[in-house]
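Notes for the one structure printed next.
2 protein chains.
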Amino acid sequence: MKNQNVSQKSTWVQMPKNTDFTIYNLPFGVFKNKRLSPRAGIAIGEKIVDLSILQNEGFLSDCHLPEDIFVKDSLNDFIALGKNITRKVRERVQYLLEEDTADLKDHQSRGKAMVNFKDAEMLMPVKVGDYTDFYSSMEHATNVGTMFRDPENALLPNWKHLPVGYHGRASSIVPSGIPIHRPKGQYKDANMETPEFGPSRRLDFELELAFITGKSTKMGDNISTADAEDYIFGFVLFNDWSARDLQAWEYVPLGPFLGKNFASSISPWIVTLDALEPFRVANPKQDPEVLPYLQCEKDHGFDIQLEVYLSPEKGHENKLCSSNFKYMYWNIAQQLAHHTVNGCNINVGDMYASGTISGPTEDSYGSMLELSWKGTKPIKLSDGSERKFINDGDTVTMRGYCENGNIRVGFGQVSAKVLPAK
Amino acid sequence: MKNQNVSQKSTWVQMPKNTDFTIYNLPFGVFKNKRLSPRAGIAIGEKIVDLSILQNEGFLSDCHLPEDIFVKDSLNDFIALGKNITRKVRERVQYLLEEDTADLKDHQSRGKAMVNFKDAEMLMPVKVGDYTDFYSSMEHATNVGTMFRDPENALLPNWKHLPVGYHGRASSIVPSGIPIHRPKGQYKDANMETPEFGPSRRLDFELELAFITGKSTKMGDNISTADAEDYIFGFVLFNDWSARDLQAWEYVPLGPFLGKNFASSISPWIVTLDALEPFRVANPKQDPEVLPYLQCEKDHGFDIQLEVYLSPEKGHENKLCSSNFKYMYWNIAQQLAHHTVNGCNINVGDMYASGTISGPTEDSYGSMLELSWKGTKPIKLSDGSERKFINDGDTVTMRGYCENGNIRVGFGQVSAKVLPAK
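Chains as they are written, first to last, in the working numbering: chain C, 73 to 494; chain Z, 73 to 494.
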């Protein structure tokens, strides 16, 4: 894959400067518009390739696809066909979009097959069966442990031995653009005698990346680190909205619940593992050595630049932080191997978020909790206002991209506005 | 509903003594056999009423059902029609099964409509979107807190202020009869320098009851305690299999993960809230007073007798404990109101388990952890062997039923054998 992706390519599609959706990327998503029912597409520049048109016009005939596989409200059935087929479709589309390929470029169906971004509404790309959230950034876990427990023993004893994770809420994962209501709930600050109820006063984002599985297992089976990537279809950006005050009061002893399950926002385009191949890097060395089932033969890290922006209701966008997926201590192969080592079965469309991705410097922290250090260091915005956490009316936007010489592969963005509590 | 259910009824169906599936019960399930594809049925005695036959023969014509609503591999679409319709179907079936009603009894389709239990395989009754596990028995939480933390402060500060809960794994919920492989994973006992890996040495059951929602909400909406039961379709028995050694090592700070997500077993028949109406009781008084959104106008407890049995590979059934759902400190209306107070959206088919149901006496504890008090008081079985936790080859069976004079409504059982680790 590596050489193929890295060899220079150009396309006949008009491309805006610095687009995330280059001919090297070609992520999958689900869209609809006034005219079209929900269906699968591939992004290129500012266009969506309507895969059902390509199929109907015979451009994908050698891919052996079931009829109407793309005219569905999720990619699950398509992804379940397996990587041999999904990879063939993506490579075929890449060929069709190349500068020197006339097949689609000069075909009478071209107009119908290429839908403008601005005419389409992006939907959830998959139906999520189960959603898991890991806690795999050492910098993030250390920051949280330092703030809430003991700076001398910030990491709990298990943290370096296993990728800590928990199950989250699948029903409230929504695509970019859907506004989020500030959650209400119980909180009990140190100065309160009894818990109080109201809108969260400490609404936060968490900068995460999530992978989506493309292959299922049976109960009792497990996946080795060597096989893990065969089960991973691709990635999306993931904003794990968090109500810090609700979470702090509720989370002992069974973990986060209402502090998290009111909403998570994702970017709508699934960037395939194939597209990320040129950006593969080693993860940090793990010390102490991990148990054999968590050891890896190859690198499973990816150099993905990540950024978070905040726009006040009537104000400009402010960059809050820059981080990178390569900082993760636990990699995706280890996460999936750990998740299934007890026989837990997985399904196509399941989602696995990384946990907050914080880097080593203060401007690389992936949450307001860390950036404002629990509210003790408010962040100044360009309009002169300050933020400790997220205000009503604020829009939080996350972006992610990889660059390697002339090749760029990006995620687009996940963006959502915070509305007042209902 | 109360009076109708309590008035004496008899049926023309041959009934075994002490059956759980009386004419007062009529729970819904999904079954198949060699001849029939998965479909919905209602249990009566040792028969399953094939609802698709009743529909095809016109017995349900006044229920305004979509075509083929019963010939599906889950009840989700049927349940989503709403209680007005599902209640009408159940009441119509009740009428058809009454001693003095000849319509079905004397109809030529009777043989086809009534399938023998022994000829049918029971499947998952619903497709579970999200699964939540609460921790709502004060006796259980107190026992666990006493064993693992501090007998003087066994309950954590939040416990009496909110129904503590967490998200569990939906993919590994299976119906009664499916064997469970002992999970493998990491554990670190107090005497170990570093964690070790292997089959769990402390496999346990948890005696729980789970409710299933029959109505969805939108993100941002919440459900009051007064409205909660409108959203609840019915209940199943729930065995929340637990690997205590894996759980103890992994659970800080984000809660249980591999210690739970390898399997949960449920009874296949959903007993409706309507059928449980005659057994409604008050829950224990709550002190301190709960926040307004958790206060209830009516009783939401149910007097449901619960029992757990263990059968060694080649041995007789041993009763391990007797408990009762009425002991719950937090009721189902409070659980659902709390779950949604932050705007978390729910779907039809979502499952909400109670947490281990322990009573006040030592023989009413709902887990081996409590019954053997962390392994310090082994339990003697009739074959002379002892158990601290569950051995390979053991079958764990849970039963539940309500009795009120001559009226009996039961859940049947959830039973599963433990196989060695793969």
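Where a beta carbon is used, it is the ideal one built from N, C-alpha and C, also for glycine.
A quick note: this is a predicted structure, and the numbers were derived from the prediction, not measured.
- Shown here for Leu453(C): same chain residues with a beta carbon closer than 8 Å to its own, the five before and five after excluded, namely Leu382, Pro384, Gly387, Asn390, Arg459 in chain order.
- Its Cα nearest to that of Gly183(C), the residue Ile125(C) stands out among Trp445(C), Ile125(C), Arg254(C), Ile376(C).
- The straight-line gap separating the alpha-carbon atoms of Leu176(C) and Ile404(C) is approximately 37 Å.
- Beta-bridge partners of Cys393(Z) (DSSP): Val380(Z).
- When Cβ-Cβ separations below 8 Å define contact, Tyr207(Z) makes contact with chain C.
- Look at Gln258(Z): its C-beta is under 8 Å from a C-beta on chain C.
- Under the DSSP assignment, Gly217(Z) falls in the alpha helix (DSSP H) whose first and last residues are 210-220.
- DSSP places Gly101(Z) in the uninterrupted beta strand (DSSP E) bounded by 100-104.
- Pairing Gly306(Z) with Val343(Z), the inter-Cα distance amounts to about 5 Å.
- Along the region 114-185 of chain Z, the beta strand (DSSP E) occurs as fully enclosed runs of 3 or more residues at 119-122, listed in sequence order.
- Non-local beta-carbon contacts of Asp122(Z) in its own chain, meaning distances under 6 Å to residues more than five positions away in sequence, involve Gly113, Ala185, Val187 in chain order.
- Between the alpha carbons of Asp371(Z) and Ala354(Z) lies a gap of roughly 5 Å.
- Counting of Cβ neighbours within 10 angstroms places Ser337(Z) among the buried residues, the total reaching 16 or more.
- Only Trp321, Glu322, Tyr323, Val324, Pro325, Leu326, Gly327, Pro328, Phe329, Leu330, Gly331, Lys332, Asn333, Phe334, Ala335 from the region 319-345 of chain Z bring a Cβ to less than 9 Å from some Cβ of chain C.
- Arg274(C) does not reach chain Z, its nearest Cβ partner there being about 13 Å away, counting only Cβ pairs nearer than 8 Å.
- Rounded to whole angstroms, the gap between the alpha carbons of Arg111(C) and Leu98(C) is 16 Å.
- Interface annotation, Val413(Z): in contact with chain C, CB-CB separation under 8 Å.
- When the alpha-carbon of Ser430(Z) is set against those of Cys474(Z), Val85(Z), Phe100(Z), Leu281(Z), the nearest one is in Leu281(Z).
- The region 423-438 of chain C makes no contact with the region 258-278 of chain Z, as fewer than three CB pairs between them are under 8 Å.
- Contact between the region 249-258 of chain Z and the region 322-340 of chain Z is present: 3 or more CB-CB pairs across the two stretches fall below 8 Å.
- Asp149(Z) and Ala226(C) have their C-alpha atoms some 48 Å from each other.
- Per DSSP, the unbroken beta strand (DSSP E) holding Leu281(C) starts and ends at 279-285.
- Boundaries of the alpha helix (DSSP H) around Arg316(Z): 316-322.
- Look at Ser436(Z) here: in three-state DSSP terms it is helix.
- Pairing Lys398(Z) with Gly373(Z) gives a Cβ-Cβ distance under 8 Å.
- DSSP, reduced to helix, strand and coil, places Asp276(Z) within a strand of the structure shown.
- Per DSSP, Asp205(C) is not a residue of any alpha helix (DSSP H); the beta strand (DSSP E) it occupies stretches across 203-206.
- Counting C-beta pairs with one atom in each stretch, the region 100-110 of chain C and the region 141-160 of chain C have three or more that are closer than 8 Å, which means they touch.
- Measuring C-alpha to C-alpha distances from Tyr365(Z) to each of Gly327(Z), Thr412(Z), Leu132(Z) identifies Thr412(Z) as the nearest.
- Taking 7 Å as the upper bound on Cβ-Cβ separation, chain Z lies near residues Leu363, Tyr365 of the region 362-390 of chain C.
- Annotation for Ala409(Z): the continuous alpha helix (DSSP H) segment containing it runs 404-412.
- For Leu366(Z), no alpha helix (DSSP H) segment is defined, and its DSSP state is neither H nor E.
- For Lys452(Z), DSSP records a beta bridge to Glu458(Z).
- The Cβ atoms of Tyr401(C) and Phe206(C) do not sit closer than 8 Å to each other.
- In the DSSP annotation of this structure, the continuous segment of the alpha helix (DSSP H) that includes Ala347(C) starts and ends at 345-348.
- Rounded to whole angstroms, the gap between the alpha carbons of Gln166(Z) and Ala115(Z) is 11 Å.
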